[in-house]
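Student: Here the sequence shown is numbered in the working numbering, starting from 788 and rising by one per residue.
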Amino acid sequence: MLPKGRVTSLTFTRSLVTWADRFAHLPGFVYLDSGTTTNGSELELITALPTKTFSAQDYSNNLTSWMTDIEQSLAVSYGTGPALGTAELFNGGLVVGNLDYDTPAADLARSSPQRSKAIAGLYHWVLVSDTKTGTSEVLYHPDCPVGTRQQVESILNNDANTARESFRLRQSFAASITKHEYRRAVERIQEYILAGDCYQVNFAQRFQAVFEGDCWEGYRAAREKLAGGFSGFMRVDSDRTILSLSPERFLQISEGKIITQPIKGTAPRHIDAQKDLDLAQALVHSEKDRAENVMITDLLRNDLGQFCQAGSVKVTELCALHSFGNVHHLISTVQGALKPDLSAGQILIATSPGGSITGAPKKRAVEIISELEPYPRGAYCGSIFVMAGGNWMQSSITIRTLETTDNTLYCWGGGGITASSNWEAEYQETLDKVGPIMAALEHTSQCSGNSIPS
């Protein structure tokens, strides 16, 4: 039977992010954030102090074995029985983790063998908020260590203002490649397209800046400008954090159903309402953007078809317009009914990296990305996922995502390159997507200098 843990209901007079301030310093801290968009996660959560940590490096980056152990541990923690609601869903504990883009399927020997391709934690407590009902609860699994529960309750009951560390960049963001190198990469992709190797390739450029202080404050500053519906902050270890402002759902699995929502098609926002509307309508009617979206939607429809009952995979929304703080996007929705006895975690491994951030066909697109992008993507274009009992999972594609290593903050911007792409327009699109994030962090730091070298 489902383990009966302790449940504490909370009446929130503040946003969940202010509660997150209290826990952000703890090891293994995670904040999954639905932002302020309508096309986002139905749940927000905070947790920290994992009972057990799973690093793929300990499995020689064999992700199948890694995920098998995760799901077995979650099954033991959860027990048996259907998940009926928020309390039942997380009362058996939860797993939160990240999967790099550079998995064995996409890495092609680019990244360091010392780096773990994925990491996850099994947590026995969570502060969870249902964004639809507005209800919030703190849930403790019966196996939650006494010391962990006491520490959590002490933090929750302390009404003193939380001391927050400062954050600043030591210099503005700098691009890792020049405009000329970007142009040459786009032209090379188009040569591959004309040769029949592929139809579309998602190409990204990287920016970096040295920082000091706590990246949680950087995340706070950036999310105020453009938190997506699948945002999140993960304190992976003492030297590595992930700051994601993603608007993109990857896979959601619940009650035997699977949903994915690829994003393809982008236009900038404008401060003038009429010009903003014109940009949105131009995107809706753009043959190039719609063709790109349809291509990737078809790829993901085929990906889901491997795991779904015959005839159940449907495109329920095609090229729908969704507007975010900095850009308009076209988003499609694909869903299906899963075959029996398939695990959510193994489906995540099998479908990663996601088709919307690789290209078509996926295998060749991944090879071209590895050839032309000079640096591994790391957390960018990977996935942040949360799993609970009853084969429930929610995951994002980590676009609009930054990662820290030691004291360097990395940010990527990318887009789909097709035969009709104009390299200057594609270059500008990368800046439309992540320029506001970098600007928010630079403004917070009061940096000076040109962030985009020519």
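Note that the Cβ used here is the ideal one computed from N, Cα and C, for glycine as well.
Every value quoted in this text rests on a predicted model; they were computed, and no experiment measured them.
(1) Let's see if you can read the secondary structure: which residues bound the alpha helix (DSSP H) around residue 731?
(2) Considering only C-alpha positions, which residue in the set 994, 960, 1001, 1144 is nearest to residue 988?
(3) In three-state DSSP terms, what is residue 1109?
(4) What is the rounded straight-line gap between the Cα of residue 1012 and the Cα of residue 1124?
(5) Within the continuous beta strand (DSSP E) that includes residue 1138, where are the two ends?
(6) Can you give me the C-alpha to C-alpha distance between residue 1151 and residue 904, rounded to a whole angstrom?
(7) At least one CB of chain C closer than 9 Å to the CB of residue 1041: is that the case?
(8) Pick out the complete beta strand (DSSP E) segments inside the region 960-1017, 3 residues or longer, and give them in chain order.
(9) Could you give the residue range of the beta strand (DSSP E) that holds residue 841?
(10) Do you know whose CA, among 1004, 1027, 821, 1035, lies nearest residue 1186's CA?
(11) If you reduce the DSSP assignment to three classes, tell me which class residue 942 lands in.
(12) The alpha helix (DSSP H) with residue 850 in it runs from where to where?
(13) Does DSSP classify residue 1147 as helix, strand or coil?
(14) Just verifying my parser: in three-state terms, what is the DSSP assignment at residue 1026?
(15) How would you label residue 976, buried or exposed, when you count the other beta carbons within 10 angstroms and need 16 or more for buried?
(16) Rounded to whole angstroms, what is the Cα-Cα separation between residue 1227 and residue 1090?
(17) May I ask which residues mark the beginning and end of the beta strand (DSSP E) holding residue 1063?
(18) Cβ of residue 993 within 9 Å of Cβ of residue 1040?
(19) DSSP on residue 888, reduced to helix/strand/coil?
Tutor: Judging by the given coordinates:
(1) As shown, the chain starts at 788 and ends at 1241. That puts residue 731 outside it, with no answer to give.
(2) 1144
(3) In the structure shown, residue 1109 adopts extended strand secondary structure according to DSSP, grouped into three states.
(4) Going from the Cα of residue 1012 to the Cα of residue 1124 covers about 37 Å.
(5) Note, residue 1138: premise wrong, no beta strand (DSSP E); alpha helix (DSSP H) at 1131-1138.
(6) 21 Å
(7) As a matter of chain content, chain C is missing from the structure shown, which is built from one protein chain.
(8) As for any beta strand (DSSP E) of minimum length 3 sitting wholly inside the region 960-1017, the runs are 987-1000, ordered along the chain.
(9) Here the beta strand (DSSP E) through residue 841 covers 839-842.
(10) 1035
(11) helix
(12) For residue 850, the uninterrupted alpha helix (DSSP H) segment begins and ends at 850-865.
(13) strand
(14) coil
(15) buried
(16) 37 Å
(17) Segment 1060-1071 is the alpha helix (DSSP H) holding residue 1063; no beta strand (DSSP E) there.
(18) no
(19) Three-state result, residue 888: coil.
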